[in-house]
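Asker: Under full-length UniProt numbering, residues 1 to 527 are what the sequence shown spells out, in order. This is the structure I have questions about; it appears just below.
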Amino acid sequence: EPAFCLIIGLHFYTDHSAYSAGSMQIAALGRPLHPGMLYDCRDDSFIPGVTLWDAEDIEKNMTVHEQNQTKSEITASDSLSKKSSLLDISASLKVSVLGGLVEVGGSAKYLKDTLTLESQCRVTMHFSQKTVFKQLNMKNTSKIICADMIKHGTATHVVTGVLYGADAFMVFDHTASKNEDKQEIHGKLKVMIKKVPSISISGDGKLNMTHEEQETVEKFQCTFYGDVILKQNPTTFMEAVKVHKDLPMLLGERGEKAVPMTVWLYPLKYLDKRAAKLVREIGENLIIEVETTMEDLQRATITVNELLQISETIQATDIQAKLKTFQEMLRQYKITVQKKMSVLIPRICNGETDEDELMQILESHSSSPFTTETMKKWLDEKRSECGVLRSYIDASEDQKDVQIVSPTQHNTLIFNPCYPTIVTFVFTSLKYDEPYISDVKEFLHPKEPMKQINTRDSVGKAVEDDKSTPWFLTPDISQTMRETFDRFKDLVKNEAKTSKFVITYISNPTHPGASIYRYQNGKRLDT
Numbered sequence: 001e002p003a004f005c006l007i008i009g010l011h012f013y014t015d016h017s018a019y020s021a022g023s024m025q026i027a028a029l030g031r032p033l034h035p036g037m038l039y040d041c042r043d044d045s046f047i048p049g050v051t052l053w054d055a056e057d058i059e060k061n062m063t064v065h066e067q068n069q070t071k072s073e074i075t076a077s078d079s080l081s082k083k084s085s086l087l088d089i090s091a092s093l094k095v096s097v098l099g100g101l102v103e104v105g106g107s108a109k110y111l112k113d114t115l116t117l118e119s120q121c122r123v124t125m126h127f128s129q130k131t132v133f134k135q136l137n138m139k140n141t142s143k144i145i146c147a148d149m150i151k152h153g154t155a156t157h158v159v160t161g162v163l164y165g166a167d168a169f170m171v172f173d174h175t176a177s178k179n180e181d182k183q184e185i186h187g188k189l190k191v192m193i194k195k196v197p198s199i200s201i202s203g204d205g206k207l208n209m210t211h212e213e214q215e216t217v218e219k220f221q222c223t224f225y226g227d228v229i230l231k232q233n234p235t236t237f238m239e240a241v242k243v244h245k246d247l248p249m250l251l252g253e254r255g256e257k258a259v260p261m262t263v264w265l266y267p268l269k270y271l272d273k274r275a276a277k278l279v280r281e282i283g284e285n286l287i288i289e290v291e292t293t294m295e296d297l298q299r300a301t302i303t304v305n306e307l308l309q310i311s312e313t314i315q316a317t318d319i320q321a322k323l324k325t326f327q328e329m330l331r332q333y334k335i336t337v338q339k340k341m342s343v344l345i346p347r348i349c350n351g352e353t354d355e356d357e358l359m360q361i362l363e364s365h366s367s368s369p370f371t372t373e374t375m376k377k378w379l380d381e382k383r384s385e386c387g388v389l390r391s392y393i394d395a396s397e398d399q400k401d402v403q404i405v406s407p408t409q410h411n412t413l414i415f416n417p418c419y420p421t422i423v424t425f426v427f428t429s430l431k432y433d434e435p436y437i438s439d440v441k442e443f444l445h446p447k448e449p450m451k452q453i454n455t456r457d458s459v460g461k462a463v464e465d466d467k468s469t470p471w472f473l474t475p476d477i478s479q480t481m482r483e484t485f486d487r488f489k490d491l492v493k494n495e496a497k498t499s500k501f502v503i504t505y506i507s508n509p510t511h512p513g514a515s516i517y518r519y520q521n522g523k524r525l526d527t
């Protein structure tokens, strides 16, 4: 199939001698790009509703080649690199997507569907169908009808060829619980998704699968991204199998519902010397650096989401607050970087500046508090802190009478007349200063803007320079916590019938680690 597609491309380019110089091939990404339309490669935008020639002239000089090709592929990768490959996105178009210059549609919305949790297992099925290739023969076209637009530099290229068809992505997810093996789940996902094309549907609409297979797929969630319109998007494995069976027929008997998939562009400068030009393209190595940077920020976002879920499960509101603060600052930073790129990319392509300015953005990032290493170190500490707290909470699960509550819930509980006596195991050390968070805030919103360069040189080193051992990794505090927890378990064993037992978080620097509080009719007693 790839060789056949290449032959068509060569036929298109060699039809006119000028095609070989400056012609481009790009992915449509759900955009309505049709022969004769104007395109600006400097910012990867197009001018809707405007064509270089009138509709009759375009139709008269159109050559149509039937394709009728289908392809199916399965991938377990969620990387932008793999997604770009599946959608046939070139390096130059990819950087525009990363910079937020291109508003994708249809199946290309799959690009924006990223993992949200580290515990998420994902396998994607890609279905692709090509129907027809339309090529515009410019030898016999008549007078250009929008010469003024060319003169004013609103576009650099004209669409002269379009490959029509449709892409569809079915993204299958299953989030592993703490007791499930992620690798095992991933394996089951792959096995079952590979079976999708061969699974038959019985007369009553049920899938012909074993009972074990049915139990496995019940946990799968499906998200659909496609260039075809469905009555209802599939959300389950069973619905996905049925949609997959129907996909080849959804473009119509003659492919009349097909959309642009790949577009060929011809430089306007060969038609009019006054036309705007694509002066330079951004180097591929630099594009890879941009891609790596944005994916690193996305990975950090996934980690934060995972830790937020864990901290919520164990009711650790102090940790939640810190993570939410960082989550919002990370979101702001990603938007800031993207906005800078969206302004800079067209200027580079237009020759107004060079790649050095884009390199400066990346260099600024490498000395910011948002480098992979710095974020990972801080997030790893939060993971360890949650892990220590969770180990005590898990150890108390054997005792039915112990309840984990948030500080707010605890305040309500101690004044509840139904519980005259409450004994609380308290984690006391969760409130403390976070130099890293302070430095991130200063980096994003410097009090003295003129000193931002100096701040940037030192920012992000807070975690690295802080040599003090966190409370949850301090041996003496750990020993105290173990002893306190043993006393708490003894109290549960001996007083379960007369007291309510809970675990919560109350800051108390005089008793680092943990303590036991006893409440009688809402009043705390000395312990």
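Quick reminder that beta carbons are idealized off the backbone N, C-alpha and C, glycines included. Please read all numbers here as calculations on a predicted model, not as lab measurements.
1) Give every residue of the same chain whose Cβ lies closer than 6 angstroms to the Cβ of aspartate 227, excluding the five residues on either side of it in the sequence, and list them in chain order.
2) Tell me the DSSP secondary structure of histidine 157 in three-state form.
3) Excluding sequence positions up to five away, which residues of its chain have a Cβ less than 6 angstroms from the Cβ of glutamate 281?
4) For isoleucine 193, which residues of its own chain have a beta-carbon under 7 angstroms away from its beta-carbon, when the five flanking residues on both sides are left out?
5) For the putative contact between asparagine 251 and threonine 131, defined by C-beta atoms under 8 angstroms, what is the C-beta separation to the nearest angstrom?
6) Looking only at C-alpha atoms, which of His34, Asp272, Glu66, Asp44 sits nearest to aspartate 54?
7) For valine 64, does the count of other Cβ atoms within 10 angstroms reach 16, so buried, or fall short, so exposed?
8) Apart from the five residues just before and just after serine 202, which ones in its own chain have a Cβ nearer than 7 angstroms to its Cβ?
9) So who's on the other strand from histidine 126, going by DSSP bridges?
10) Measuring only the C-alpha atoms, how far is methionine 341 from glutamine 360?
11) Return yes when the Cβ of isoleucine 47 is within less than 8 angstroms of the Cβ of methionine 62, no when it is not.
12) Would you tell me roughly how many angstroms separate the C-alpha atoms of residue 579 and lysine 489, rounded to the nearest one?
13) Whole angstroms are fine: how far does the CA of arginine 31 sit from the CA of serine 458?
14) So alanine 258 is in the beta strand (DSSP E); what residue range does that whole segment cover?
15) Considering only the beta carbon of each residue, do threonine 210 and glutamine 129 sit closer than 8 angstroms?
16) What do you reckon, are the CB atoms on glutamate 381 and leucine 98 nearer than 8 angstroms?
17) Put histidine 511 into one of helix, strand or coil per three-state DSSP.
18) Cα separation between methionine 149 and lysine 257?
19) So what does DSSP say about threonine 484, is it helix, strand or coil?
20) Taking only runs that begin and end inside the region 279-342, name each unbroken alpha helix (DSSP H) of 4 or more residues, in chain order.
21) Under the three-state reduction of DSSP, which class applies to threonine 51: helix, strand or coil?
22) Report yes or no: do the region 324-344 and the region 437-446 share at least 3 C-beta pairs separated by less than 8 angstroms?
23) If you compare alpha carbons, which of Ser200, Ala27, Asp272, Leu136 is closest to lysine 245?
24) Determine contact between the region 73-87 and the region 286-302, defined as no fewer than three beta-carbon pairs at a distance below 8 angstroms.
25) What does the alpha-carbon distance come out to for the pair tyrosine 519 and isoleucine 414?
26) For the alpha helix (DSSP H) containing cysteine 386, list its first residue and its last residue.
27) DSSP three-state call for glycine 226: helix, strand or coil?
28) Could you give the distance in angstroms between the alpha-carbon of tyrosine 110 and the alpha-carbon of phenylalanine 169?
29) In this structure, what does DSSP give as the bridge partners for glutamine 403?
Answerer: Checking against the coordinates, here is how it stands:
1) Gly106, Ser107, Ala166, Asp167, Val259
2) strand
3) Ser92
4) Ile74, Val123, Met125, Phe172
5) It should be noted that the sequence gives leucine, not asparagine, for residue 251. Yes, they are in contact, since the Cβ atoms of leucine 251 and threonine 131 sit about 6 angstroms apart, within 8 angstroms.
6) His34
7) exposed
8) Asn208
9) Glu73, Phe169
10) 11 angstroms
11) no
12) Examination of residue 579 is not possible in this model, given that the chain is present from 1 through 527 alone.
13) Residue placement at serine 458 is flagged as unreliable, the pLDDT there being 49, under the threshold of 50; the coordinate-derived value follows with that caveat. For serine 458 and arginine 31, the distance between alpha carbons rounds to 44 angstroms.
14) Element bounds for alanine 258: n/a, residue is neither H nor E.
15) no
16) no
17) coil
18) 31 angstroms
19) helix
20) 284-313
21) strand
22) yes
23) Ser200
24) yes
25) 7 angstroms
26) 372-395
27) strand
28) 7 angstroms
29) Val502
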